[in-house]
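Peer 1: One structure coming up, written as structure tokens, with questions to follow.
Protein chains: 4
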Amino acid sequence: MRLSLRERKIAKKKEDILRSAAKLLSEKDDHKTTMEDIAAELLMTKGSIYYYFKNKEDLLYQCHTMILEQSIERIEKISLTDGSPADKLKKAMTEHIQFAIQEKSLFNIMVNPEQSLSAHYLEDVKKKRAQYEKYFDQFIAEGIASGDFPSLDTKMVRMIILPALNGVNQWYSPRGEKDEREIAELMSNYLLRILV
Amino acid sequence: MRLSLRERKIAKKKEDILRSAAKLLSEKDDHKTTMEDIAAELLMTKGSIYYYFKNKEDLLYQCHTMILEQSIERIEKISLTDGSPADKLKKAMTEHIQFAIQEKSLFNIMVNPEQSLSAHYLEDVKKKRAQYEKYFDQFIAEGIASGDFPSLDTKMVRMIILPALNGVNQWYSPRGEKDEREIAELMSNYLLRILV
Amino acid sequence: MRLSLRERKIAKKKEDILRSAAKLLSEKDDHKTTMEDIAAELLMTKGSIYYYFKNKEDLLYQCHTMILEQSIERIEKISLTDGSPADKLKKAMTEHIQFAIQEKSLFNIMVNPEQSLSAHYLEDVKKKRAQYEKYFDQFIAEGIASGDFPSLDTKMVRMIILPALNGVNQWYSPRGEKDEREIAELMSNYLLRILV
Amino acid sequence: MRLSLRERKIAKKKEDILRSAAKLLSEKDDHKTTMEDIAAELLMTKGSIYYYFKNKEDLLYQCHTMILEQSIERIEKISLTDGSPADKLKKAMTEHIQFAIQEKSLFNIMVNPEQSLSAHYLEDVKKKRAQYEKYFDQFIAEGIASGDFPSLDTKMVRMIILPALNGVNQWYSPRGEKDEREIAELMSNYLLRILV
DNA sequence: CATGAATGAGCATTCATTCAT
DNA sequence: TATGAATGAATGCTCATTCAT
Chain U
1 MRLSLRERKI AKKKEDILRS AAKLLSEKDD HKTTMEDIAA ELLMTKGSIY YYFKNKEDLL
61 YQCHTMILEQ SIERIEKISL TDGSPADKLK KAMTEHIQFA IQEKSLFNIM VNPEQSLSAH
121 YLEDVKKKRA QYEKYFDQFI AEGIASGDFP SLDTKMVRMI ILPALNGVNQ WYSPRGEKDE
181 REIAELMSNY LLRILV
Chain L
1 MRLSLRERKI AKKKEDILRS AAKLLSEKDD HKTTMEDIAA ELLMTKGSIY YYFKNKEDLL
61 YQCHTMILEQ SIERIEKISL TDGSPADKLK KAMTEHIQFA IQEKSLFNIM VNPEQSLSAH
121 YLEDVKKKRA QYEKYFDQFI AEGIASGDFP SLDTKMVRMI ILPALNGVNQ WYSPRGEKDE
181 REIAELMSNY LLRILV
Chain D
1 MRLSLRERKI AKKKEDILRS AAKLLSEKDD HKTTMEDIAA ELLMTKGSIY YYFKNKEDLL
61 YQCHTMILEQ SIERIEKISL TDGSPADKLK KAMTEHIQFA IQEKSLFNIM VNPEQSLSAH
121 YLEDVKKKRA QYEKYFDQFI AEGIASGDFP SLDTKMVRMI ILPALNGVNQ WYSPRGEKDE
181 REIAELMSNY LLRILV
Chain A
1 MRLSLRERKI AKKKEDILRS AAKLLSEKDD HKTTMEDIAA ELLMTKGSIY YYFKNKEDLL
61 YQCHTMILEQ SIERIEKISL TDGSPADKLK KAMTEHIQFA IQEKSLFNIM VNPEQSLSAH
121 YLEDVKKKRA QYEKYFDQFI AEGIASGDFP SLDTKMVRMI ILPALNGVNQ WYSPRGEKDE
181 REIAELMSNY LLRILV
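Protein chains in written order, with the UniProt record's numbering: chain U, 1 to 196; chain L, 1 to 196; chain D, 1 to 196; chain A, 1 to 196.
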């Protein structure tokens, strides 16, 4: 069913707030960013944010889900293509890197859910993360099964790949000598060498 | 010059506080851990901590330096051995992993200095980090120079390796099926495949 | 002058709001009941209430007056009957008790005007209360004058009777062993013993 | 065991705060009295109060217990005397009235626990109230048993007496024509007539 | 050296009220 | 008339920090 104009307006506003929040939250720290800061960034007042989000943790939680859901959607699409396992894995890596760089703010938030979310929300976020990670496991497992990759500890390889990919925001600078695509290409190639 | 008994006592107490702080800080979050919590853990009172540390940030800063200095000391020793570049790199990786697991608390703090330290302290911490990272760069560069490793983007490889190593604490559990040593061995071998 | 249909509609709506407000207000507490709660109870929105009432205090004030005016009307009627002073007093007591139980919500609000109303409104409410109380004084005084009651401190007796009657809502339960009428009968008889 | 100087100091401070809180709380309303107000009354700062009390509700709860415990202690003593049931009941009433007038602030708080305390605390307060009320029931029952009083509904009589006594603060003024003792005497005599 | 007590700046959250549509 | 959205003032509570003893 289509959303009414009003509903679309609200959805838009919510996303604006999430982006603004993510920006500040990723620059500083969860607890150093106040609701006032987030509101000010959007020229709103503190109170207004509570019209759209139940509380600060809810806001944070929705930052997590927004980015996670998009990530899952993207990797889902990749999984449906008919390339080789190595192709899919490589595509997943390059997309992850480019998405991380483009959505730097939201991405940085997603990296450490443990520190900011309480049990209730955390569980859900972890579930979504696991869902995303499973695609990597799947691509690796497929490669092993097909003989494209040697026999490997699937999980450990994935646990090398993902932190490495997530690390990109700690050092990537848009003013560096390599652009997003080059970094994505180079990094994914190096990581693929683990799996030959 | 030798430290007097009194000075040694103070140094000991400081380290106790740092460990206690690190423990709590890494469990929760910077801002969710209060000075009161830290004091309570040591059966001290809030006020006393201020005898040893200027303020909370100073405490945090010294957590960083304590772990960084020990890390540097360890890798320094490795660099002085006369193994092959691959040997040294592998040793550096396995030691990093085991140290990270053993000093889980302090290590976790070290991972995200940007979020908790202000510019003044941050600069110093980053310098020490760079110092540590340089050893990895050096081992890789040596390997390339000696022909043991192919021609590679040294920094990028290091920026794959270190986040991967640091990620270990996000999933390592002492009750898992592999122990520290096995994980260190397996993980470093996988990472070495990037450099063949 | 007759009220137009529109005016009657408004009056009806106002009373609906007052009853709804009273219900919530008496369950919780003045400040624990929000305008939102009151609106929600009636499937309205916060904003609409402001079409009917100037502000929250006005709403509260009108709760007071509504119940007070009905009480005065009732006791006025009793005063016009031609029973003995004791009969009138007894009738006033039983009606008070039954009215309190039936209109529990509004009644509870009326008990403590000091806590919720500001000077401006309070004055008016107190005037109405005094008006109501005067009927009790009158019945007692009549009884003394006629010799039906002994010489008593009229006011003090009334100040024993009314708090006792108002207390009924603190312990009356519709599931108790006595029904409204029995309680009203028993209680008024006991209180009449003060006046023999 | 005796309390140390420090403990006595704290106890004293706590009581100061309770009295100050009670004063304001009974003048206005639970929710209209802020922690800031309470602190200001004592020339303290908001934060300091939290050194002594966990939160606002805890403060409120302890107001209740302070007055209830004193009330229970007093009536307990009366119950141990060897007067007639009527004597004891009369003494309990006069003491209640005088205590209410003297501790007007705290007493007013005690009257409406439902509105300000949450379930957890409320239960305890109700238990203490019931304990106090039981003494009245006991005196009345004794009187009936001994034949001093006629056969009566003990509870209902008590539920007439107590609200009547508690009502005293709604109208007593130190500048009125009767002093505490006279009012206590007069009022208790009138109430005793119910039991003859 | 240690600590009990106080402080004050800061923050998340609530809510009555307003107003354009 | 009704309402969705916004506002801002208020408030409870936290916590790093200080300091007299």
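We put the beta carbon where it would ideally sit given N, CA and C, even for glycine. Please read all numbers here as calculations on a predicted model, not as lab measurements.
(1) How about I161/U and L25/U: do their beta carbons lie closer than 7 Å?
(2) Against chain U, with Cβ distances strictly below 7 Å, would R158/L count as a contact?
(3) Assign V196/U to one of three DSSP states: helix, strand, or coil.
(4) Among the candidates K14/D, E182/D, S20/D, whose CA atom is the shortest distance from the CA of S105/D?
(5) Taking I194/A as the query, report the chain D residues whose CB atoms sit under 8 Å from its CB, ordered along the chain.
(6) In the structure shown, what three-state DSSP assignment does S173/D receive?
(7) Is P163/A close to chain D? Criterion is C-beta to C-beta, closer than 7 Å.
(8) P85/D and D148/D: beta carbons closer than 7 Å?
(9) For a quick check, are the C-beta atoms of I194/A and Y135/A less than 7 Å apart?
(10) Look up R19/A in the DSSP assignment and say whether it is helix, strand or coil.
(11) Please check if any C-beta of chain D sits within less than 7 Å of the C-beta of L98/A.
(12) Note down, in chain order, every chain D residue with its Cβ under 8 Å from the Cβ of S116/A.
(13) Kindly indicate which residue of A119/A, M93/A, D82/A, L43/A has the alpha-carbon position closest to the one of E57/A.
(14) Who are the near neighbours of K14/L in its chain, counting only those whose CB is closer than 8 Å to its CB and skipping five residues on each side?
(15) Which same chain residues, not among the five before or five after I49/A, have their C-beta less than 8 Å away from its C-beta?
(16) How would you write the range of the alpha helix (DSSP H) that S71/A sits in, first residue to last?
(17) At a CB distance below 8 Å, what residues from the segment 127-156 of chain A approach chain D? Give them in sequence order.
(18) Go through its chain and collect everything with a Cβ distance to K155/L's Cβ below 7 Å, but skip five positions before and after it.
(19) By the criterion of Cβ-Cβ separation under 7 Å, what are the contact partners of L186/U in chain L?
(20) Among the residues of its own chain, which have a CB less than 8 Å from the CB of L122/D, if the five just before and after it don't count?
(21) If the cut is a Cβ gap below 8 Å, which residues of chain U does G47/L touch?
(22) Under 8 Å by Cβ, that's how I've got A164/D and L191/D pegged, so tell me the actual separation to the nearest angstrom.
(23) Please say whether S116/A and D30/A have beta carbons closer to each other than 7 Å?
(24) Just to confirm before moving on: does the CB-CB distance between L184/L and Q98/L stay below 7 Å?
(25) Note the first and the last residue of the continuous alpha helix (DSSP H) segment covering K104/U.
(26) Looking at chain A, is there any beta carbon in it that lies within less than 7 Å of the beta carbon of G176/D?
(27) Please determine, among T33/D, G167/D, K178/D, the residue with the shortest C-alpha to C-alpha distance to V111/A.
(28) Using CA atoms only, rank isn't needed, just tell me which of K178/A, E7/A, I140/A, R8/A is closest to K90/A.
(29) Hey, could you find the ends of the alpha helix (DSSP H) P163/U is sitting in?
(30) Between which two residues does the alpha helix (DSSP H) harbouring G143/U extend?
(31) Assign S4/L to one of three DSSP states: helix, strand, or coil.
(32) Once DSSP output is grouped into helix, strand and coil, what is the label at Y190/D?
(33) Quick check: the Cα distance between E95/D and E69/A, rounded to an integer number of angstroms?
(34) Could you check which residue in I67/D, K12/D, K28/D, T65/D has the C-alpha nearest to that of L42/D?
Peer 2: Reading from the atomic positions:
(1) no
(2) no
(3) coil
(4) S20/D
(5) Y190, L191, R193, I194
(6) coil
(7) yes
(8) yes
(9) no
(10) helix
(11) One detail in the question is off: residue 98/A reads as Gln in this sequence, not Leu. Cβ-Cβ to chain D under 7 Å: no for Q98/A.
(12) D29
(13) A119/A
(14) Y52, F53, Q62
(15) I17, M35, I38, A39, L59
(16) 56-80
(17) L152, D153, M156
(18) D137
(19) D153, M156
(20) P113, E114
(21) Here the premise fails: no neighbours, minimum Cβ distance about 23 Å.
(22) 6 Å
(23) yes
(24) Sequence inspection shows Ala at residue 184/L; the Leu mentioned does not correspond to that position. Taking 7 Å as the Cβ cut-off, A184/L and Q98/L qualify as a contacting pair.
(25) 104-111
(26) no
(27) G167/D
(28) I140/A
(29) 154-166
(30) 119-146
(31) coil
(32) helix
(33) 37 Å
(34) K12/D
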